[in-house]
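Under this note's numbering, read the sequence shown as residues 535 to 793, first letter to last.
Note that CB positions come from ideal geometry on N, CA and C, so glycine has one too.
Computed from a predicted structure; not experimentally measured.
What follows is a set of notes on a single structure, which appears directly below.
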Amino acid sequence: MSKRKPLISGNWKMHHNHFEALQLVQKLSYQLTSDDYEAVDVSVHPPFTDLRTVQTFFISEKEPVPIALGAQHCHHEDQGAFTGEVSPAMLAKLDVRYVIAGHSERRELFGETDADVNRKVQSILRHGMTPILCCGETLEEREAGSTEAKVTGQVEAGLAGLTPEQVGGMVIAYEPIWAIGTGRTASSEDAQAVCQVVRTVVGRVAGAEAAESVRIQYGGSVKPTNAAELMAQPDIDGALVGGASLVADDFARIVRFHA
């Protein structure tokens, strides 16, 4: 049985102002217990405008809330004339622990390339945070039988230039694009097959030790009703949750898949 501790991450995308964000994390903190945190690591990834509010709540309680603060994106430079962007140095000052890099929506809608994603991953690591490197195929690519080639290429490019120790401490999220926000979910067997490919690629790139320790999430219409089945797969070490993370009750039930 794997010794990897599952990581359940809530990617809020462009939802919730800072008032709504505060309400959500308050409700979530009331529902989760020390037993949950012992079994599962939890992170939430609000929009940039909510980060300070959520961070303040986590540290202002009588007992700090053991939910990790995450971000959805960052620029690879520390500072500069990049209007509208946020640097990894800024996120690190807010105690952000996890940063998503290369989400399919960033790749598909905003034109991020594999090289862009690799630069972000290296910058996130340089500032002491953990990247959640995303990979995944479109429906057309899956139907054409090119899932493995697409995912392999994204993972190899995303990990380029990293040490085995850096790779081993990362998180990689497999998110089939055709399952994001569509209500369609890869079967647990299909998700496991691709996550196994990801772990094999990590082993080839960074060695067996890194492959054994890297955590691989599944993302794509994860719900309370399918979380336990997905998490039971040997190479799935958590979930990158979209819509269901916007409701405290639903997200808490996903976190408690182990119960």
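Buried or exposed by the 16-neighbour rule on C-beta atoms within 10 Å, applied to residue i
| i | result |
| --- | --- |
| Val593 | Reading off the sequence shown, one finds Ile at residue 593, where the question assumed Val. Per the 10 Å Cβ criterion, exposed. |
| Phe791 | buried |
| Asp771 | buried |
| Glu639 | buried |
| Phe644 | exposed |
| Thr719 | buried |
| Gly753 | buried |
| Ser568 | exposed |
| Thr681 | buried |
| Ser721 | exposed |
| Lys654 | buried |
| Phe785 | buried |
| Glu642 | exposed |
| Asn551 | exposed |
| Gly777 | buried |
| Pro580 | buried |
| Gln557 | exposed |
| Thr664 | buried |
| Ala742 | exposed |
| Met704 | buried |
| Gly679 | exposed |
| Ala766 | exposed |
| Ala761 | buried |
| Arg793 | At residue 793 the sequence reads Ala, which differs from the Arg that was named. It is exposed - the Cβ of Ala793 has fewer than 16 other Cβ atoms within 10 Å. |
| Ala725 | buried |
Integer-rounded CB distance, given that residue j should sit under 8 Å from residue i
| i | j | result |
| --- | --- | --- |
| Thr587 | Ala555 | 6 Å |
| Val756 | Ala773 | 5 Å |
| Ile711 | Thr672 | 5 Å |
| Val736 | Ala744 | 6 Å |
| Asn652 | Gly695 | 7 Å |
| Asp769 | Arg733 | 5 Å |
| Val574 | Pro622 | At roughly 26 Å, the Cβ-Cβ gap does not stay under 8 Å, so Val574 and Pro622 are not in contact. |
| Leu667 | Ile706 | 5 Å |
| Cys669 | Gln688 | 4 Å |
| Val731 | Val685 | 6 Å |
| Ile788 | Pro758 | 6 Å |
| Ser779 | Gly544 | 3 Å |
| Ala626 | His661 | 4 Å |
| Leu603 | Leu585 | 7 Å |
| Ile658 | Tyr708 | Not a contact, Cβ separation roughly 19 Å. |
| Ile634 | His607 | 6 Å |
| Pro600 | Tyr571 | 5 Å |
| Leu693 | Ala649 | With a Cβ gap of about 13 Å, Leu693 and Ala649 do not count as contacting. |
| Val781 | Ile542 | Their Cβ separation, rounded to whole angstroms, is 14 Å, which puts Val781 and Ile542 out of contact at 8 Å. |
Residues bridged to residue i [DSSP beta-bridge criterion]
| i | result |
| --- | --- |
| Asn760 | Asn760 pairs with nothing; no bridge assigned. |
| Asp784 | Asp784 is not bridged to any residue. |
| Ile542 | Val576, Ala773 |
| Leu667 | Ala635, Ile706 |
| Tyr752 | Tyr708, Ala773 |
| Leu603 | Val578 |
Hey, which unbroken runs of the alpha helix (DSSP H) at 4 residues or more fall wholly within the stretch 673-747?
Fully enclosed alpha helix (DSSP H) runs of 4 or longer: 673-677, 681-692, 698-702, 722-740, 742-747.
Ranges of the alpha helix (DSSP H) found wholly within the stretch 613-638, counting only runs of at least 4
622-627
Just checking, does the stretch 616-630 make contact with the stretch 669-689 on the three C-beta pairs under 8 Å criterion?
Two segments are said to touch when three or more pairs of C-beta atoms, one from each, lie closer than 8 Å; by this definition the stretch 616-630 does not touch the stretch 669-689.
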